[in-house]
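Report on the following structure.
Residue numbers (this note's numbering): 1 to 128.
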């Protein structure tokens, strides 16, 4: 299936994970969110390349910018989030992964899933 970040099946996995893990708090701390996703929706090592991991990073960046631009998340199970804190290290981590995706850099195994850049400049992931 193709799609962008939160609109993809993998993006829905990110939302379900966040709803499950952060239902009892009104704050996302990007660094803690990244750590909690390692081994499940993100690789333990930044150099691990996987379609799911790439899409998770894109979905996290979409959530961050939605909160930054709107002051809230317009996703039913995440509307209770009132604060979204980031630090330089977590932003650099996200940026490095996004650059790797944009540059279509292969993983240690020499493979990276197919990526399509739409006319608007948005990244569309596809596993076809």
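From the three backbone atoms N, C-alpha and C, an ideal C-beta is built for every residue, glycine too.
DSSP places residue 85 inside the beta strand (DSSP E), whose first and last residues are 83–85.
Within the segment 36–102, the runs of alpha helix (DSSP H) at least 4 residues long that lie entirely inside it are, in chain order, 51–70 and 88–102. If you look at residue 7, you'll find it isn't in any alpha helix (DSSP H); DSSP assigns it neither H nor E. Of all alpha-carbon atoms in 26, 85 and 50, the one lying nearest the alpha-carbon of residue 65 is that of 85. Between residue 29 and residue 38, the CB-CB gap reaches or exceeds 8 Å.
For the 8 Å CB-CB criterion, residue 62 and residue 6 form a contact.
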